[in-house]
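In the order they appear, the protein sequences are chains Y and V.
For the first sequence, position 118 matches number 101 in the numbering used here, and the numbering has no gaps at all.
For the second sequence, position 2 matches number -15 in the numbering used here, and the numbering has no gaps at all.
By construction, the Cβ of each residue, glycine as well, lies at the ideal position given by its N, Cα and C atoms.
The structure appears below as structure tokens.
Protein chains: 2
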Amino acid sequence: MHEQTLNLDIIFAGLADPTRRDILRRVAGGELSVTEIAQPYDLTLAAVSKHLKVLETAQLVIKRRQGKQQLVQASPQALRDAAEYLHNYEQLWNDRFDALEQYLNVEQEHGPQNHPHL
Amino acid sequence: MHEQTLNLDIIFAGLADPTRRDILRRVAGGELSVTEIAQPYDLTLAAVSKHLKVLETAQLVIKRRQGKQQLVQASPQALRDAAEYLHNYEQLWNDRFDALEQYLNVEQEHGPQNHPHL
DNA sequence: TTATCATTCAACCAGCTAGTTAAATAACAG
DNA sequence: CTGTTATTTAACTAGCTGGTTGAATGATAA
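Set out below in structure tokens:
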């Protein structure tokens, strides 16, 4: 389906850290250098650099060098892949819960039995 | 926004494991007991039980007891929350990349400079 | 070349994760 | 009660994660 190896493991793992999600939020607004990214956090540059490597490996961001700086920008494909994955389940589960709801309505007409609680 | 504490950390961490995503896929098709869930994997029941606890903590599944068995079913809210999170970024990033594309088109009329590579 | 700024790498550490085996608990059947 | 089936808990382990400090690298400026 996709040209590159889509790795949901590392995409979701990349998203599973609040500092990294905050970085994503901030670079979504425009390119930032590593030092700029690090500024709000009580972390060393080395730690932030590691977070960026995780995001880069997951292809959630890309970096380009501009002079001394590395500029980081959002890269939407990985996130789209993750969203697509979730969306499929949403669809499926919505259908299932609709079916369950209907089943429960029918049940009520016949009197209560043991049925899964919502 | 949501009645319960929405914890994206543990939702995404829950999704970041292929066995757990496979379990989700299978319970999306209908309730399964722990033993049924464990059957296809080369894992002990204890290991599967731990995976289920992770999914349950993330509220990606719920369990109910039926006699000796624990029946596991998908619980859509956490997944919806994650999807909603991603969808916001998709939106934002799509806008951003549209803007960038437009910017690049204007640039071409004026001759090439150093601009971010897509 | 030397100094400076921006970033990464290497080595290390504490805590977490995903697995194991073995024992414990829960629900039911006789 | 006793045994059987289903699942969880406890204790342990190897490897991963997220952080640190200090040295190394890359790019530019003087």
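### Query
Cβ of residue 104 of chain Y within 8 Å of Cβ of residue 58 of chain Y?
Not covered by the structure: residue 104 of chain Y. The range shown for chain Y is -16 to 101.
#### Entry: Inter-residue Cα distance where the pair is residue 65 of chain Y and residue -5 of chain Y
Taking the first sequence and counting its residues from 1, one reaches residue 65 of chain Y at position 82. Taking the first sequence and counting its residues from 1, one reaches residue -5 of chain Y at position 12. The straight-line gap from Cα to Cα measures roughly 7 Å.
### Task
Could you tell me the distance, in whole angstroms, from the CA atom of residue 7 of chain V to the CA atom of residue 29 of chain Y?
Locating residue 7 of chain V in the second sequence gives position 24, where the first residue counts as 1. Locating residue 29 of chain Y in the first sequence gives position 46, where the first residue counts as 1. In a straight line, the C-alpha of residue 7 of chain V is about 36 Å away from that of residue 29 of chain Y.
### Task
Enumerate in chain order the residues of its own chain whose CB-to-CB distance from residue 52 of chain V is below 6 Å, with the five nearest sequence positions on each side excluded.
If you number the second sequence from 1, residue 52 of chain V lands on position 69. Closer than 6 Å at Cβ, skipping near neighbours: 16.
### Task
Return yes when the Cβ of residue 63 of chain Y is within less than 8 Å of the Cβ of residue 73 of chain V, no when it is not.
Translated into positions along the second sequence, residue 73 of chain V becomes position 90. Translated into positions along the first sequence, residue 63 of chain Y becomes position 80. Yes, they are a contact pair.
### Query
With burial defined as no fewer than 16 other Cβ atoms inside 10 Å of the residue's Cβ, what is the status of residue 48 of chain Y: buried or exposed?
Taking the first sequence and counting its residues from 1, one reaches residue 48 of chain Y at position 65. Exposed.
### Task
Drop a sphere of 10 angstroms on the beta-carbon of residue 13 of chain Y, count the other beta-carbons inside from all chains shown, and report buried for 16 or more, exposed for fewer.
Against the first sequence, residue 13 of chain Y aligns to sequence position 30. So residue 13 of chain Y counts as exposed.
### Message
Using beta carbons (cut-off 8 Å, strictly below), is residue 24 of chain V in contact with chain Y?
### Response
In the second sequence, residue 24 of chain V corresponds to position 41, counting from 1. False, the Cβ-Cβ gap to chain Y never drops below 8 Å.
### Inter-residue spacing [alpha-carbon to alpha-carbon] between residue 71 of chain V and residue 11 of chain Y
Position 88 of the second sequence, counted from the first residue, corresponds to residue 71 of chain V. Position 28 of the first sequence, counted from the first residue, corresponds to residue 11 of chain Y. Going by the C-alpha atoms only, they are around 11 Å apart.
### Message
For residue 0 of chain V and residue -8 of chain Y, which I take to be in contact (beta-carbon distance under 8 Å), what is that distance rounded to the nearest angstrom?
### Response
Walking along the second sequence from the start, residue 0 of chain V turns up at place 17. Walking along the first sequence from the start, residue -8 of chain Y turns up at place 9. At roughly 7 Å, the Cβ-Cβ gap stays under 8 Å, so residue 0 of chain V and residue -8 of chain Y are in contact.
### DSSP three-state assignment for residue 43 of chain V, whether helix, strand or coil
Here residue 43 of chain V corresponds to residue number 60 of the second sequence, with the count starting at 1. Here residue 43 of chain V sits in coil by DSSP.
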